[in-house]
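Residue numbers (the numbering used here): 20 to 408. Yeah, the Cβ is synthetic: ideal placement off N, Cα and C, and Gly gets one too. These numbers come from a predicted model, not from an experiment. The structure under discussion appears below in the form of structure tokens.
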Ligand SMILES: [Zn+2]
């Protein structure tokens with residue numbers, strides 16, 4: 020619905036301008052008829068929008084705008100409509116033609132460039148869009164628009180160095196709302212460095228991200244994993260503990276590596292204490308299951324069963340029941356009915372996605388920092404609840 024309202028915002032001036040021009044140009048009688056016609060067309064278009072039929076609405080608004088297409092504003096709105104309707108070639112031609120007009124002011128030229136850049140982006144012509152927005156950087160008052168679009172282009176090209184440079188330049192020009200985005204780009208660079216086996220560069224990028232945003236979960240998690248690989252148990256535990264404290268949504272991501280680091284350090288007391296604390300706050304079941312494992316190892320199976328059964332009464336979860344089944348009926352003592360229930364629970368857990376994007380609802384089975392569906396950053400999180408983590 021947001022798109023529809025944006026469309027409405029775009030079209031109100033078109034309809035108003037058309038009505039005004041018609042009223043100014045025509046004879047009294049015919050202009051009166053035309054204004055009435057425009058008004059009724061306008062409300063017909065509005066009605067389509069309200070009924071969530073944007074294609075029909077665009078059709079009506081095009082009919083309103085086309086006869087009076089000589090003003091720059093109407094041309095820009097028309098081009099925008101073509102683009103929204105998927106007629107990108109037509110939008111490109113229209114916007115390119117604007118540059119052949121004599122006496123285009125710098126501001127008007129900037130507006131036309133912005134629209135043409137949108138066309139190129141929509142058509143997937145990233146090189147052309149990039150060149151155009153670089154030109155736009157020279158136009159007074161259009162630098163921020165150009166930088167925002169360049170950041171978008173560099174993200175699509177996965178050119179993280181250029182994306183960081185553009186975002187930093189945008190910040191220098193007064194818009195620092197992208198600081199988390201810069202941190203994400205640094206984490207992407209860290210991933211690439213790790214793929215090349217260059218841990219030191221990766222560490223540098225991640226520390227840079229934490230310099231931008233001190234409690235940046237993704238960078239902490241990645242640093243923790245690097246330290247774990249390097250067998251720097253104390254450092255690893257420190258990073259994972261910080262993640263758990265600053266962002267309870269990601270507790271399920273740190274329970275296993277944190278327990279591994281504490282096990283290597285021989286610090287079982289701290290492991291018990293942390294799992295107990297986290298399991299009180301966490302909405303998922305990962306830390307509870309961690310605590311159950313520790314309890315089984317240190318106090319025996321019965322104590323673990325008792326703890327888990329108690330907690331499952333308070334907050335049931337499929338993963339918890341599955342663990343309870345293993346504790347109560349070890350595979351060696353398996354009966355047919357128990358094996359059947361175990362099988363069903365496994366299938367249930369296997370089918371369920373483990374993560375969900377809070378913005379678009381995409382439900383992957385792996386953690387993505389950049390949602391593949393809506394392209395937002397940091398919106399995919401572990402699912403909590405009955406069948407979640
Ligand atoms: Zn998404």
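Between residue 278 and residue 258, the gap from beta carbon to beta carbon reaches 8 Å or more. Proximity to ligand 1 was defined by a C-beta distance below 5 Å to any of its heavy atoms, and the residues meeting it, in sequence along the chain, are 376, 378, 379, 381, 390, 392 and 393.
With at least 16 other beta carbons inside 10 angstroms of its own, residue 298 counts as buried. Spatial neighbours of residue 244 in its own chain (CB-CB distance under 7 Å, excluding positions within 5 residues in sequence) are listed in chain order as 276. CA-to-CA, the gap between residue 373 and residue 381 works out to about 11 Å. Within the stretch 344-380, the alpha helix (DSSP H) runs of at least 4 residues that lie entirely inside it are, in chain order, 355-370. Excluding sequence positions up to five before and after residue 234, its CB lies within less than 7 Å of the CB of 265, all in the same chain and listed in chain order.
Straight across, the Cα-Cα distance linking residue 99 with residue 137 is about 9 Å. Taking residue 369 as reference, the option from 378, 376 and 383 with the minimal CA-CA separation is 383.
Relative to the Cα of residue 129, the nearest Cα in the group 159, 387, 306 and 147 belongs to 159. For secondary structure counted as the alpha helix (DSSP H) over 4 or more consecutive residues, the stretch 217-262 holds these complete runs in sequence order: 218-231 and 236-248.
One thing to note: residue 145 has its Cβ no nearer than 8 Å to the Cβ of residue 396. Taking C-beta atoms as the reference points, residue 305 and residue 314 fail to come closer than 8 Å.
When 218, 230 and 269 are compared, the shortest CA-CA separation from residue 240 is found for 269.
In the three-state scheme derived from DSSP, where H, G and I count as helix and E and B as strand, residue 388 is classed as coil. The Cβ atoms of residue 344 and residue 357 lie closer than 8 Å to each other. Within the stretch 261-294, the complete alpha helix (DSSP H) segments of 4 residues or longer fall at 270-284, listed in chain order. Within the same chain, no Cβ atom closer than 7 Å to the Cβ of residue 248 is found once the five residues on either side in sequence are excluded.
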